[in-house]
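In UniProt numbering, the protein residues as written are 1 to 153.
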C-alpha cells in the first residue's frame with residue numbers, strides 16, 4: 001500500500017486505470033508531490049531484444065508523473081499535455097519508477113520521472129506537463145453518464 005495515502009487514492013491507480021492494471025503496475029508511494037510505481041514486465045511486454053518495450057516504459061513514466069502531480073490533491077484528475085522521454089539503457093527485470101512534481105500552477109503540473117532497475121541504474125527519464133481537470137463521473141455500460149473525455153481546453 002502506498003505510504004501517506006488513504007485506500008481510495010490507491011484504488012484509483014490500481015483499479016481505475018485498466019491499462020496500468022493490465023501491465024501490473026503497483027503504486028507504492030503517493031504523497032507530497034512524489035510517487036513510486038513498481039513493475040515487472042511480462043513476456044508479452046518485451047520487445048524483440050527481450051527487454052521491456054519502450055511503450056511500456058513510457059506508460060510507466062506517464063502514470064508515475066501523473067501520480068506525482070495528483071499526490072497533493074488526489075480529488076483532482078490530470079491529463080497528459082506533453083511528455084519527453086530519454087532512454088539511457090535497456091530496462092530489464094523488476095523496475096521501479098519515481099516521480100516528482102517540480103512546479104504547479106492553478107491548472108498545470110510540471111513533472112519528471114525516472115525508471116530504475118534492480119541495481120538502481122537509471123534506465124529512462126521523462127519530463128511531462130499535465131493539466132488539472134475535474135474528475136468525471138463513472139461511465140460505461142452500468143452508468144447513466146455519457147462518455148465524455150476530460151477537456152484539455
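Every residue, glycine too, gets a C-beta built ideally from N, C-alpha and C.
Would you tell me roughly how many angstroms separate the C-alpha atoms of residue i and residue j, rounded to the nearest one?
{"i": "residue 70", "j": "residue 103", "result": "12 Å"}
{"i": "residue 95", "j": "residue 39", "result": "5 Å"}
{"i": "residue 75", "j": "residue 132", "result": "10 Å"}
{"i": "residue 46", "j": "residue 77", "result": "30 Å"}
{"i": "residue 37", "j": "residue 98", "result": "7 Å"}
{"i": "residue 92", "j": "residue 112", "result": "21 Å"}
{"i": "residue 26", "j": "residue 64", "result": "10 Å"}
{"i": "residue 81", "j": "residue 128", "result": "7 Å"}
{"i": "residue 85", "j": "residue 72", "result": "24 Å"}
{"i": "residue 4", "j": "residue 34", "result": "For residue 4, the pLDDT reaches just 48, beneath the cut-off of 50, and the residue's location in the model is therefore unreliable, although a value from the coordinates is still provided. So the two alpha carbons sit approximately 11 Å from each other."}
{"i": "residue 51", "j": "residue 100", "result": "25 Å"}
{"i": "residue 16", "j": "residue 121", "result": "30 Å"}
{"i": "residue 124", "j": "residue 19", "result": "20 Å"}
{"i": "residue 108", "j": "residue 66", "result": "11 Å"}
{"i": "residue 87", "j": "residue 60", "result": "13 Å"}
Kindly indicate which three-state DSSP category residue i falls into: helix, strand or coil?
{"i": "residue 3", "result": "Per-residue confidence for residue 3 stands at a pLDDT of 48, beneath the threshold of 50, marking its modelled position as unreliable; the derived number appears in the next sentence. Three-state result, residue 3: strand."}
{"i": "residue 114", "result": "strand"}
{"i": "residue 59", "result": "helix"}
{"i": "residue 38", "result": "strand"}
{"i": "residue 8", "result": "Reliability fails at residue 8, whose pLDDT of 49 lies under 50, so the model's placement of it is uncertain and the value that follows must be treated cautiously. Correct three-state label for residue 8: helix."}
Would you list the one or two residues that DSSP bridges to residue i?
{"i": "residue 51", "result": "Beta-bridge pairing links residue 51 to no other residue."}
{"i": "residue 125", "result": "86 and 114"}
{"i": "residue 76", "result": "134"}
{"i": "residue 109", "result": "104 and 130"}
Which stretch, first to last residue, makes up the beta strand (DSSP E) that contains residue i?
{"i": "residue 104", "result": "95 to 104"}
Can you give me the start and stop residues for the alpha helix (DSSP H) that residue i sits inside?
{"i": "residue 30", "result": "Residue 30 -> not in any alpha helix (DSSP H); beta strand (DSSP E) instead, spanning 26 to 31."}
{"i": "residue 18", "result": "18 to 23"}
Would you say residue i reaches chain D, if we count a Cβ-Cβ gap shorter than 7 Å as a contact?
{"i": "residue 45", "result": "No chain D appears in the structure shown, which is made up of a single protein chain."}
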